[in-house]
Amino acid sequence: MSVKRILQLGDPLLWQECDTVENPASTSVMALAEDLRDTLLAFRSANGFGRGIAAPQIGEPRRVIVIDAPSAGFSGALVNPRIVEQSEKRVELWDGCFSFPGLLVKVSRAAEIKVEYANLTGVQNTLEATGDLSELLQHEIDHLDGVLAVQRAVSPQAFCTREEWERRGSE
Ligand SMILES: [Zn+2]
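To convert, note that position 68 of the sequence shown is 535 in the numbering used here; the numbers rise steadily by one, no gaps.
This is the structure:
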C-alpha cells in the first residue's frame with residue numbers, strides 16, 4: 468500500500484489503451500487497487516476534490532479503476548469495467564482530472580449507463596449509474612482506453628482554469 472505519483476497531461480502513457488486483467492482476484496490486482504485508493508485519498512486530502520482514479524494514472528496500463536464516492540452511491544474497485552448500455556439522453560458538465568488538476572473541460576456524457584465489471588474476488592457484477600456516478604464512471608473508463616477529458620471537449624472554448632471556474636461560482 469502506497470501513494471503513487473500521478474501522471475500528468477503530456478505523459479504519453481496516458482494515451483495508451485490498457486490491457487484486460489486476466490485474473491481479477493489476483494494479489495497483484497488487489498495491491499494495485501490499494502495503491503489506487505491510497506493515491507486517490509491522498510490527492511483528495513491535498514486538493515479538496517476527487518472521487519475516482521484509473522490505473523494508467525499511476526503508470527499501470529491495466530483495466531482497473533477505483534471509485535470512492537459514497538455520496539454518489541458507490542465505493543470500490545472495478546476490474547475490466549465495460550459500458551454495456553447507455554441512455555440516448557446526454558448531459559453537459561465541467562469535468563476535472565487528477566492528471567490536469569488546474570483545468571476543467573466541458574464534456575458531454577450519457578445521462579445513464581450500465582456497467583459490467585469484476586470485483587476483487589473475481590465475481591462479475593452489473594452497476595446501473597445515473598447522475599454524478601454515471602459521469603465519473605465514464606471519465607475513468609475513458610482512461611482505460613487512453614482517452615482524456617480534453618479530447619471530449621464540446622467546443623474549442625470548452626476549457627476553464629479551476630481558479631477561474633471557482634471565481635465564477637462553479638457554474
Ligand atoms: Zn481523469
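Just so you know, even glycine gets a beta-carbon here, dropped at the ideal spot from N, CA and C.
Hey, how far is the Cα of residue i from the Cα of residue j?
i	j	result
Tyr584	His606	15 Å
Gly526	Gln618	20 Å
Gly477	Gln524	12 Å
Asp486	Arg518	23 Å
Ser542	Leu480	26 Å
Leu611	Val574	18 Å
Ala536	Pro623	30 Å
Ala522	Asp505	12 Å
Arg634	Asn490	46 Å
Glu552	Phe565	27 Å
Lys556	Ala577	6 Å
For residue i, list the residues DSSP reports as bridge partners.
i	result
Asp486	Arg529
Arg511	In DSSP, Arg511 forms no bridge with anything.
Leu594	Val582
Lys556	DSSP output for Lys556 lists no bridge partner at all.
Thr494	Paired residue(s): none; Thr494 is not in a bridge.
Leu542	The residue asked about is misnamed: residue 542 is Ser in this sequence, not Leu. Answer is Asp535, bridged to Ser542.
Which same chain residues end up closer than 6 Å to residue i when comparing Cβ atoms and leaving out the 5 residues on each side of it in sequence?
i	result
Arg549	Glu583
Thr588	Ala492
Ala539	Asp599, Leu600
Leu594	Val582
Just to confirm my understanding: we take residue i, look at its own chain, exclude 5 residues before and 5 after, and list those with CB closer than 8 Å. What are they?
i	result
Glu440	Nothing about residue 440 can be reported from this structure: the residues present for the chain run from 468 to 638 only.
Could you name the residues of the same chain whose beta carbon sits closer than 7 Å to that of residue i, not counting the 5 residues immediately before and after it, in chain order?
i	result
Leu603	Arg518, Gly519, Ile534, Ala536, Ala539
Asp502	Met468, Ser469, Lys471, Ile525
Does the Cβ of residue i have 16 or more other Cβ atoms within 10 Å, making it buried, or fewer, making it exposed?
i	result
Val546	buried
Val621	exposed
Phe516	exposed
Ala500	buried
Contact shell at 6 Å, judged by CB to any heavy atom of ligand 1, ordered along the chain: Cys564, Phe565, Ser566, His606, His610
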